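S.K.:
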Amino acid sequence: MDFGTIDQLKSELDALRPLPAAAVKNLEEIDRVEWTYHSNAMEGNTLTLLETKLVLEDGLTIGGKKLSEHFEVVNHSEAIDYVQDIVDRKIELTEFVIKSLHHLVLKNIDDELSEKMEQLLQWYDVQKDKLHPVRLAAEFHFRFVYIHSFNEGNGRTARLLMNLILMKYGYPPAIVKAETMDRLRYYETLEAASVQSELEPFVELIAGCVEESLRRYIGTVK
Numbered sequence: 001m002d003f004g005t006i007d008q009l010k011s012e013l014d015a016l017r018p019l020p021a022a023a024v025k026n027l028e029e030i031d032r033v034e035w036t037y038h039s040n041a042m043e044g045n046t047l048t049l050l051e052t053k054l055v056l057e058d059g060l061t062i063g064g065k066k067l068s069e070h071f072e073v074v075n076h077s078e079a080i081d082y083v084q085d086i087v088d089r090k091i092e093l094t095e096f097v098i099k100s101l102h103h104l105v106l107k108n109i110d111d112e113l114s115e116k117m118e119q120l121l122q123w124y125d126v127q128k129d130k131l132h133p134v135r136l137a138a139e140f141h142f143r144f145v146y147i148h149s150f151n152e153g154n155g156r157t158a159r160l161l162m163n164l165i166l167m168k169y170g171y172p173p174a175i176v177k178a179e180t181m182d183r184l185r186y187y188e189t190l191e192a193a194s195v196q197s198e199l200e201p202f203v204e205l206i207a208g209c210v211e212e213s214l215r216r217y218i219g220t221v222k
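Using the numbering used here, you'd call the opening residue of the sequence shown number 1 and step up by one each time.
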């Protein structure tokens, strides 16, 4: 896949740095709500975008919705804080980071790190300076989901890890939308990568999300 458009947009965004503090704050607040809503909705959480916003920003409890769904919102928001902290402090991606992130997502973690996860981290260490950051993030996402490290929360953790990698390279988070067709394409391309070893459609999907985020950031800052 050609990442030329993404590279051009990334350069355009970098040329605008340092980004205005007010614009960054606004973008981060929007990202937090949308990222949390879409990632949870992908896994069946029924809170709407507005309800997610009210839970996060006003601490409200939504009538008729499960308490566990509220916890999923709060947990995901805390996980975003953790991702940002890892990026800001330039901490390397390790098994401790992955398990800590998963713990924040579900507060219920499997203490036995699989051999496959160790192999995934070894793959990451070898490839992180070779692959384009978008391909690296997308492929790490797929590989993490494929090894099914935990009993629950693999999808949300994978999307958080994908964005952790993107943010380490100066990209804004890529939000996979939970609308029906987007969700369908997400799962179809993941399945194609798993069953047919055809990863390119999934990489293209993630690249599209990255491009959308870059355009939104540039449009807000300019």
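Beta carbons are placed, not taken as given, at the ideal position from N, Cα and C, and that holds for glycine. Just so it is clear, the structure is predicted and the values come from calculations on it, not from any experiment.
Hey, how far is the Cα of V126 from the Cα of Q119?
M.R.: Rounded to whole angstroms, V126 to Q119 spans 11 Å at the Cα level.
S.K.: Using 8 Å as the threshold, is the C-beta distance between Y217 and L205 below it?
M.R.: Against a cut-off of 8 Å, the Cβ pair of L205 and Y217 comes out as no contact.
S.K.: Less than 8 Å between the beta carbons of A178 and F3, yes or no?
M.R.: Taking 8 Å as the Cβ cut-off, A178 and F3 do not qualify as a contacting pair.
S.K.: How should R17 be labelled, buried or exposed, when 16 other C-beta atoms within 10 angstroms of its C-beta is the threshold for buried?
M.R.: R17 is exposed by the Cβ-count criterion.
S.K.: Roughly how far, in whole angstroms, is the beta-carbon of V145 from the beta-carbon of N154, given that I think they are within contact range, below 8 Å?
M.R.: The Cβ separation is near 6 Å, so the contact holds.
S.K.: Within its chain, find whatever has a CB closer than 6 Å to the CB of M117; leave out the 5 residues flanking it on each side and keep chain order.
M.R.: The residues are S149.
S.K.: With distances taken between CB atoms, is the gap from L27 to L214 smaller than 8 Å?
M.R.: No, Cβ-Cβ distance for L27 and L214 is not below 8 Å.
S.K.: At the level of alpha carbons, what is the spacing between H141 and K222?
M.R.: Near 31 Å, if we compare the C-alpha coordinates of K222 and H141.
S.K.: Grab me the residues of I109's own chain with a C-beta within less than 8 Å of its C-beta, minus the 5 sequence neighbours each way, in chain order.
M.R.: Bear in mind that the predicted position of I109 carries a pLDDT of just 34, short of 50, making it too unreliable to give a figure here.
S.K.: Give me, in chain order, the residues of the same chain whose beta-carbon lies closer than 8 Å to that of V74; leave out the 5 immediate sequence neighbours on both sides.
M.R.: Only V55 and L56 meet the Cβ criterion.
S.K.: Roughly how many whole angstroms lie between the Cα atoms of E72 and E43?
M.R.: Cα to Cα, the separation comes out at about 10 Å.
S.K.: Between which two residues does the alpha helix (DSSP H) containing D14 stretch?
M.R.: Element bounds for D14: G4 to A15.
S.K.: Using C-beta distances below 6 Å, list every residue in its chain close to D111, excluding the 5 sequence neighbours before and after it, in chain order.
M.R.: Here the model assigns D111 a pLDDT of 45, short of 50, so the residue's position is not dependable and the matter cannot be decided.
S.K.: Please give me, in chain order, every unbroken run of the alpha helix (DSSP H) with length at least 4 that falls completely inside the stretch 98 to 170.
M.R.: Segments of the alpha helix (DSSP H) lying fully in the stretch 98 to 170: 115 to 127, 133 to 147 and 154 to 168.
S.K.: Would V195 be called buried (16 or more neighbouring beta carbons within 10 Å of its own) or exposed?
M.R.: When all chains shown are included, V195 counts as exposed.
S.K.: Contact check, T61 vs T36 under 8 Å by CB: the rounded distance?
M.R.: Wrong, their Cβ atoms sit about 16 Å apart, outside the cutoff.
S.K.: Return yes when the Cβ of S39 is within less than 8 Å of the Cβ of R159, no when it is not.
M.R.: Yes. Within cutoff.
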